[in-house]
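Residue numbers (my numbering): 966 to 1256.
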């Protein structure tokens, strides 16, 4: 395979590794007294502001189709719900539950994008679901799901739908996609914060906390969003979602090392199954694209 065709896959993996340790700035802001929703809103406000400034300075063409715009907005929903889930629940559990997303992406490709269903597809779907079952400790009832679990699952679904719309929509600049994603995530984060803390949400917000949150958005969140969305325009939803499972390695390992969170044989087995599913789908895709 040519190096050029590998570039989106390589950049997607780099973005995934960085997404995996995103819990660190989120927990840092939480330590300053900011809720997960407010820290998400601040970081995404910084990312959106920087994207808008870049568009103005570089005179980026703002043209974008409705499908791509809707996809970017859904990715913003995914980012916001994911970041809030990271502060409400265990990092390991949230990261692994988000990665039911490959299963949703595979179903979307088959049901709405005319992609064929192969034996590998059955394996990837089965392994993903079995992995999630183990991560949940064998408890799959609604009563066993926490708010963090539900948000992690919702995040994965929103990402899968958003990636499909971006891939099938008209080509647009990654900067305009990043702007829409940042605005969507910011608004949803503010909505969550208002529901949780009411209108007095900004009273205890220090300039240092606000500046740090926006700064994280500019130097950390925006580059990752841009890398992810640029790759999403060039890779099918299932392939990019499976590539992003590299986040499991950085997220789970960093959380296991730095946080006192439960990580037993069931979680380890579930992570292995999800990664095996990812590798099977990616190898199949890359093999078919390089006869």
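Backbone N, C-alpha and C define an ideal beta-carbon position, used for all residues, glycine too.
Proximity of residue i and residue j at Cβ, strictly below 8 Å
{"i": "residue 1123", "j": "residue 1243", "result": "no"}
{"i": "residue 1178", "j": "residue 1008", "result": "yes"}
{"i": "residue 1174", "j": "residue 999", "result": "yes"}
{"i": "residue 1114", "j": "residue 1021", "result": "no"}
{"i": "residue 1012", "j": "residue 1182", "result": "yes"}
{"i": "residue 1061", "j": "residue 1236", "result": "yes"}
{"i": "residue 1033", "j": "residue 1209", "result": "no"}
{"i": "residue 1093", "j": "residue 1116", "result": "no"}
{"i": "residue 1176", "j": "residue 985", "result": "no"}
{"i": "residue 1206", "j": "residue 1125", "result": "yes"}
{"i": "residue 1025", "j": "residue 1100", "result": "no"}
{"i": "residue 1030", "j": "residue 1127", "result": "no"}
{"i": "residue 1048", "j": "residue 991", "result": "yes"}
{"i": "residue 1151", "j": "residue 1010", "result": "yes"}
{"i": "residue 1067", "j": "residue 1089", "result": "yes"}
{"i": "residue 1137", "j": "residue 1028", "result": "yes"}
Residue i, enclosing alpha helix (DSSP H) - first and last residue
{"i": "residue 1029", "result": "Note, residue 1029: premise wrong, no alpha helix (DSSP H); not H, not E."}
{"i": "residue 1114", "result": "1112-1133"}
{"i": "residue 991", "result": "988-996"}
{"i": "residue 1064", "result": "No alpha helix (DSSP H) holds residue 1064; DSSP gives it neither H nor E."}
{"i": "residue 1091", "result": "1084-1100"}
{"i": "residue 1217", "result": "1211-1223"}
{"i": "residue 1193", "result": "1187-1197"}
{"i": "residue 1179", "result": "1172-1181"}
{"i": "residue 1010", "result": "1001-1023"}
{"i": "residue 1203", "result": "1202-1208"}
Residue i Cβ short of 7 Å to the ligand SAH heavy atom set
{"i": "residue 1083", "result": "For the ligand SAH, the structure offers nothing, since it holds no ligand at all."}
Assumed close pair residue i, residue j - CB separation to whole angstroms, cut-off 8 Å
{"i": "residue 1050", "j": "residue 1059", "result": "5 Å"}
{"i": "residue 1154", "j": "residue 980", "result": "Wrong, their Cβ atoms sit about 20 Å apart, outside the cutoff."}
{"i": "residue 1056", "j": "residue 1238", "result": "Not quite, the Cβ-Cβ distance comes to about 19 Å (not below 8 Å), so this is no contact."}
{"i": "residue 1194", "j": "residue 1037", "result": "7 Å"}
{"i": "residue 988", "j": "residue 1220", "result": "7 Å"}
{"i": "residue 1129", "j": "residue 1078", "result": "7 Å"}
Min CB distance residue i to chain C below 8 Å
{"i": "residue 1188", "result": "Absent from the structure: chain C. Only one protein chain is present."}
Checklist entry - Given 8 Å as the limit, is there contact between the region 972-982 and the region 1190-1209, that is, 3 or more CB pairs closer than that? => result Yes: at least three Cβ pairs fall under 8 Å.
Checklist entry - Does the region 1010-1030 touch the region 1180-1188, meaning 3 or more C-beta pairs lie closer than 8 Å? => result At 8 Å Cβ cutoff, the stretches touch.
Checklist entry - Contact between the region 1138-1148 and the region 1080-1090: three or more CB pairs below 8 Å? => result With a cut-off of 8 Å, the region 1080-1090 and the region 1138-1148 do not count as touching, because too few Cβ pairs lie within range.
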